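See structure below.
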Amino acid sequence: FKKWGMTSSAIAATLLSDLVEKKDNPYESIFTPSRFHLNPGLQKVISYNADVAKHLIKGKLEKPDVQFEDIASGEGKAVTINGRRAGAFRDETGCLHFVDTTCTHLGCEVEWNDSEHTWDCPCHGSRFKPSGEVVEGPAIKPLKQIDLD
Ligand code: FES
Numbered sequence: 069f070k071k072w073g074m075t076s077s078a079i080a081a082t083l084l085s086d087l088v089e090k091k092d093n094p095y096e097s098i099f100t101p102s103r104f105h106l107n108p109g110l111q112k113v114i115s116y117n118a119d120v121a122k123h124l125i126k127g128k129l130e131k132p133d134v135q136f137e138d139i140a141s142g143e144g145k146a147v148t149i150n151g152r153r154a155g156a157f158r159d160e161t162g163c164l165h166f167v168d169t170t171c172t173h174l175g176c177e178v179e180w181n182d183s184e185h186t187w188d189c190p191c192h193g194s195r196f197k198p199s200g201e202v203v204e205g206p207a208i209k210p211l212k213q214i215d216l217d
């Protein structure tokens with residue numbers, strides 16, 4: 069109570085006594101437990117973080133059933149390699165390149181952005197080139213490349 073404990077305790081005692089006796093007390097509204105209202109900004113933060121958690125869990129559970137031969141030139145898709153989600157991109161020469169789709173920022177699973185030809189993270193917006201290099205943060209490290217040889 070920041071040095072107001074003695075004063076507050078006297079008011080609390082009076083208030084409790086009045087509540088028991090069902091009397092009005094001018095301090096009731098100040099000390100009511102429901103006096104806190106969640107700041108709209110905080111509500112937004114909570115909602116945003118719930119969305120991040122949803123993407124994080126959804127991405128970890130996903131096991132894409134995509135065949136490598138179904139990936140066209142210039143296209144990327146989430147695939148499953150050795151039971152784990154990965155990203156596959158076929159370049160213009162027909163070679164496939166694989167990346168770990170775990171975002172290097174906080175671990176969400178990146179998704180292929182077909183119009184930008186980037187791996188985009190749904191959680192905080194990091195973007196990566198098809199080969200995994202960072203295009204835009206907050207991530208600062210590239211996606212890990214996977215070598216199937
Ligand atoms: S987890 Fe990917 S940008 Fe934060």
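Start counting the sequence shown at 69; every next residue gets the next number (the working numbering).
Glycine included, C-beta positions come from ideal geometry on N, C-alpha and C.
Since the model is a prediction, treat every value here as computed from it, not as a measurement.
CA-CA distance, G193 to Y95, rounds to 48 Å. Leaving aside the five residues that flank G175 on each side, the residues in its chain whose CB is nearer than 7 Å to its CB run, in chain order, L124. The DSSP-derived three-state label of D159 is coil. In the structure shown, L164 adopts extended strand secondary structure according to DSSP, grouped into three states.
Secondary structure note for G144: its beta strand (DSSP E) is the uninterrupted segment G144 to I149. The set of residues with a C-beta under 5 Å from any non-hydrogen atom of the ligand FES comprises C171, H173, L174, C176, C189, C191, H192 and S194, given in chain order. Going by DSSP, V88 is part of the alpha helix (DSSP H) stretching over G73 to V88.
Annotation: the continuous alpha helix (DSSP H) that includes N117 extends over P108 to L129. Around the Cβ of E89, a 10 Å sphere holds fewer than 16 other Cβ atoms; the residue is exposed. Scanning G127, K145 and K126 for the CA closest to the CA of Q135 turns up K145.
Rounded to whole angstroms, the separation of the alpha carbons of R195 and D133 is 24 Å.
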